[in-house]
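**Q**
Here you go:
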C-alpha cells in the first residue's frame, strides 16, 4: 500500500529513505530492525491464527523494508507473505479489500498512522514502530508548561507511544498519559482535559483532537525536528481550533440548505459502515431530501466533480480520514455526525463533537429494525413542511428540500443531466455498421506489435 507523502515521521523528505538519521541504524542493525518492526509479536500473531497467506500493508516511508520483512516472516513462520500495493481507501485503515484479492487470511498493518478502527472480516496485527524520545530534552521543554493547573493529557504519534512510559514519573500529578485505545483518534484517557500536549507531527490526529476538545489548549512537541532553532513545546494558535469549529458549523448549515446529498463510501472495512450508510439514507429521506450512494474508491477532486447535481457529500470513513476540507472540490464534504446534527433531532446537542460515525448509531433511533424505516412519522412530516430561515442565503427555504420556496422546482439528477449543454461523446448507438472482431496489436505502450 502507499501512504500520502505528507505523512512521514518528519517534514523533511529525506526521512523517507532508509539512509536517513532516523532509519539508517535500523536498516543496518538486525537487532534494531527486529525490534522496530516487532518481528517476534508478528510471528506469534501468525502462529496463533495459523495463517497461511499473510498480507503486509506497508506505508511509503517504510517501503525500503517491505521485501526484507516479507522474506523474514516467510522464513520464520513458513507462511506466504504478500506486500500490498496501493490502498483502496485511506492508508490509516486496514485494507481488507486488497488483502482479499490475494485470498489472504490475515493482515499486518505497519506504520504509526493507524486509525485502529475495528475491522469486520480478517484478523489484524498493528506494528507502529518504536522510536525513542530524548526524555531529558522533553522534561526540560516541559518547564514552559508548569503553569498549567487543569487536567493535562499527553498523547503521541503511535511510534512514540512506547517511549512515554519513561517520562511518566517525571511529570506533574495533573498530567495524564494517554494509552492506545478507541475513545478519540486511537487514544484512551479519562476526564475532559483543559490542555493537550501532542508529541509528533501527525496533523490529522491533532485536528480530530482539536475538534473533539475544542475548549482545550493544544501544545506540540516534535522530537525529530531538524531545525537548530526550533523551540521546545509550542502552543498551537487557539484561533486555529476556533476556525475549525466555525467551518464545521458552517457546513452543518449548508447541509440544511441542500436538496441532494451524496453518500461517499470511504471504507469497506470499518465495522458498522453498512449500518451507517443505511442510517444516513433513512435520516436524509425523512428530511425530504434525496440521497445517492457513491462507491468511487479513494475520493479525489476529478471523481467527485462528475456529480455536479449533488449539493453536498458525506464521507463514511474512519475518524481520521472523514475530515476532507479542501476548496478544490466542487461541493463540500461533511461527516455522518454533521448530517445527523443538521437533519435529525435525535442527536444530543450537548454531546462533544466527534468524527466517529459510530456516535450516530449509538444515540439515535438506529435501534429500529432496518426494514421498519421506510415510513416517516407525521411529526417529521409536519416539521418538514414548515419553512425556515437559511443562515447561508438569508432566505426562507423549504425544510424538506433545502431549496427556495419555488413551485415545481426540478432538482433530480436525471433532469439536471438532460439540461447540460455537454453530456460526453455521442455513442451513435444503431448508427454505425457492425463489423467482426479483427486482429489488433499487442505489447507495451513503447513497443506495440501487430498480431
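In full-length UniProt numbering, the protein residues as written are 1 to 451. Backbone N, C-alpha and C define an ideal beta-carbon position, used for all residues, glycine too.
1) Taking only runs of the beta strand (DSSP E) that begin and end inside the stretch 290-338, which ones reach a length of at least 3 residues, in chain order?
2) Please classify residue 441: is it buried, with 16 or more other beta-carbons within 10 angstroms of its beta-carbon, or exposed?
3) Taking its Cβ as the centre, do 16 or more other Cβ atoms sit within 10 Å of residue 250, making it buried, or is it exposed?
4) Does the Cβ of residue 37 have 16 or more other Cβ atoms within 10 Å, making it buried, or fewer, making it exposed?
5) Taking 7 Å as the threshold (C-beta atoms), are residue 216 and residue 193 in contact?
6) Give me, in chain order, the residues of the same chain whose beta-carbon lies closer than 6 Å to that of residue 290; leave out the 5 immediate sequence neighbours on both sides.
7) Return yes when the Cβ of residue 116 is within less than 7 Å of the Cβ of residue 98, no when it is not.
8) Does the distance from the CB of residue 153 to the CB of residue 189 come in under 7 Å?
9) Is the stretch 36-53 in contact with the stretch 69-86, if contact means three or more CB pairs nearer than 8 Å?
10) Hey, residue 392 and residue 257: beta-carbon distance below 7 Å or not?
11) Which word fits residue 48, buried or exposed, when buried means at least 16 other C-beta atoms lie within 10 angstroms of its C-beta?
12) How long is the line joining the alpha carbons of residue 124 and residue 94, rounded to whole angstroms?
13) Measuring only the C-alpha atoms, how far is residue 268 from residue 33?
14) With a Cβ-Cβ cutoff of 7 Å, do residue 165 and residue 355 count as a contact?
15) Quick check on the burial criterion: 16 or more other C-beta atoms within 10 angstroms. Buried or exposed for residue 191?
16) Report the residue from 59, 64 and 333 whose alpha carbon sits nearest the alpha carbon of residue 28.
17) Note down, in chain order, each residue of its chain lying with its Cβ closer than 7 Å to the Cβ of residue 42, except the 5 sequence neighbours on either side.
18) Please name the residue in 330, 96 and 235 whose C-alpha comes closest to that of residue 121.
19) Would you check if the distance between the CB atom of residue 343 and the CB atom of residue 283 is smaller than 7 Å?
20) With a 10 Å radius around its C-beta and 16 neighbouring C-beta atoms as the bar for buried, classify residue 147 as buried or exposed.
21) Excluding the 5 residues preceding and the 5 following residue 178 in the sequence, name in chain order all residues of the same chain whose CB lies nearer than 7 Å to its CB.
22) If we ignore side chains and look at the alpha-carbon of each, how far apart do residue 24 and residue 87 end up?
23) May I have the straight-line CA-CA distance separating residue 301 from residue 333, to the nearest angstrom?
24) Look at the alpha carbon of residue 404 and the alpha carbon of residue 395, and state the distance between them as a whole number of angstroms.
25) Please report the distance separating the alpha-carbon of residue 448 from that of residue 101.
26) Let's see if you can read the secondary structure: which residues bound the alpha helix (DSSP H) around residue 70?
27) With the cut-off set at 7 Å, would you say residue 358 and residue 266 are in Cβ contact?
28) So residue 158 packs on residue 180, CB below 8 Å; how close in whole Å?
29) Hey, could you find the ends of the beta strand (DSSP E) residue 183 is sitting in?
30) List the endpoints of the continuous alpha helix (DSSP H) containing residue 284.
**A** According to the data block:
1) Fully enclosed beta strand (DSSP E) runs of 3 or longer: 290-294 and 312-316.
2) Here the question's residue 441 lines up with position 441 in the chain shown. Looking at its Cβ environment, which holds fewer than 16 other Cβ atoms inside 10 Å, residue 441 is exposed.
3) Position 250 of the chain shown, counted from the start, is the residue given in the question as residue 250. Flag for residue 250 reads exposed.
4) Walking along the chain shown from the start, residue 37 turns up at place 37. That one is buried.
5) Here residue 193 corresponds to residue number 193 of the chain shown, with the count starting at 1. Here residue 216 corresponds to residue number 216 of the chain shown, with the count starting at 1. In contact: residue 193 and residue 216 (Cβ atoms closer than 7 Å).
6) For the purposes of this step, residue 290 is taken as residue 290 along the chain shown, with counting starting at 1. 260.
7) By one-based count along the chain shown, residue 98 stands at place 98. By one-based count along the chain shown, residue 116 stands at place 116. Taking a C-beta distance under 7 Å as the contact criterion, residue 98 and residue 116 do not qualify as a contact pair.
8) What you label residue 153 is simply residue 153 of the chain shown in a count that begins at 1. What you label residue 189 is simply residue 189 of the chain shown in a count that begins at 1. Annotated as proximal: residue 153 and residue 189, with beta-carbon spacing under 7 Å.
9) Under the three-pair Cβ rule at 8 Å, the stretch 36-53 counts as touching the stretch 69-86.
10) Start at 1 with the first residue of the chain shown, and residue 392 comes out as number 392. Start at 1 with the first residue of the chain shown, and residue 257 comes out as number 257. A contact, by the Cβ cut-off of 7 Å.
11) In the chain shown, counting from the first residue as 1, residue 48 sits at position 48. Residue 48 comes out exposed.
12) Numbered from its first residue, the chain shown carries residue 124 at position 124. Numbered from its first residue, the chain shown carries residue 94 at position 94. One C-alpha to the other measures close to 8 Å.
13) Translated into the one-based positions of the chain shown, residue 268 becomes position 268. Translated into the one-based positions of the chain shown, residue 33 becomes position 33. C-alpha separation (whole angstroms): 32 Å.
14) Working through the chain shown from its first residue, we reach residue 165 at position 165. Working through the chain shown from its first residue, we reach residue 355 at position 355. For residue 165 and residue 355, no; Cβs fall outside 7 Å.
15) The residue labelled residue 191 in the question sits at position 191 within the chain shown. By the neighbour-count rule (16 or more Cβ atoms within 10 Å), residue 191 is not buried but exposed.
16) Within the chain shown, residue 28 is the residue found at index 28, counting from 1. Taking the Cα of residue 28 as reference, the smallest distance to any Cα among 59, 64 and 333 is reached at 64.
17) Stepping through the chain shown from its first residue, residue 42 is reached at position 42. Result list for residue 42: 73, 108, 125 and 127, in chain order.
18) Counting from 1 along the chain shown, the entry for residue 121 is found at position 121. If we check each option's Cα against that of residue 121, 96 comes out closest.
19) Taking the chain shown and counting its residues from 1, the one referred to as residue 343 is at position 343. Taking the chain shown and counting its residues from 1, the one referred to as residue 283 is at position 283. The answer is yes: Cβ separation under 7 Å.
20) Here residue 147 refers to the residue found at position 147 when the chain shown is read from its first residue. Exposed.
21) To locate residue 178, count along the chain shown from 1; it is residue 178. Apart from the 5 residues on each side of it in sequence, residue 178 sits with its Cβ closer than 7 Å to the Cβ of 153, 154, 155, 187, 188 and 189 in its chain, given in chain order.
22) Locating residue 24 in the chain shown gives position 24, counting from the first residue. Locating residue 87 in the chain shown gives position 87, counting from the first residue. Between residue 24 and residue 87, the C-alpha separation is close to 26 Å.
23) Taking the chain shown and counting its residues from 1, one reaches residue 301 at position 301. Taking the chain shown and counting its residues from 1, one reaches residue 333 at position 333. Cα to Cα, residue 301 sits roughly 11 Å from residue 333.
24) Taking the first residue of the chain shown as 1, we reach residue 404 at position 404. Taking the first residue of the chain shown as 1, we reach residue 395 at position 395. Only weak support exists for where residue 404 lies, its pLDDT of 43 falling under 50; the value from the coordinates is given anyway. Here the alpha carbons of residue 395 and residue 404 stand approximately 7 Å from one another.
25) Your numbering for residue 448 matches position 448 in the chain shown. Your numbering for residue 101 matches position 101 in the chain shown. Straight-line Cα distance between these residues: approximately 29 Å.
26) Reading the chain shown from its first residue, position 70 is the one you call residue 70. Boundaries of the alpha helix (DSSP H) around residue 70: 66-77.
27) Numbered from 1 along the chain shown, position 358 holds the residue referred to as residue 358. Numbered from 1 along the chain shown, position 266 holds the residue referred to as residue 266. Remark: C-beta atoms of residue 358 and residue 266 do not approach each other more closely than 7 Å.
28) Residue 158 sits at position 158 when you count from the first residue of the chain shown. Residue 180 sits at position 180 when you count from the first residue of the chain shown. With a contact defined as Cβ atoms closer than 8 Å, residue 158 and residue 180 qualify at about 7 Å.
29) Here residue 183 corresponds to residue number 183 of the chain shown, with the count starting at 1. Element bounds for residue 183: 179-184.
30) Here residue 284 corresponds to residue number 284 of the chain shown, with the count starting at 1. Residues 273-286.
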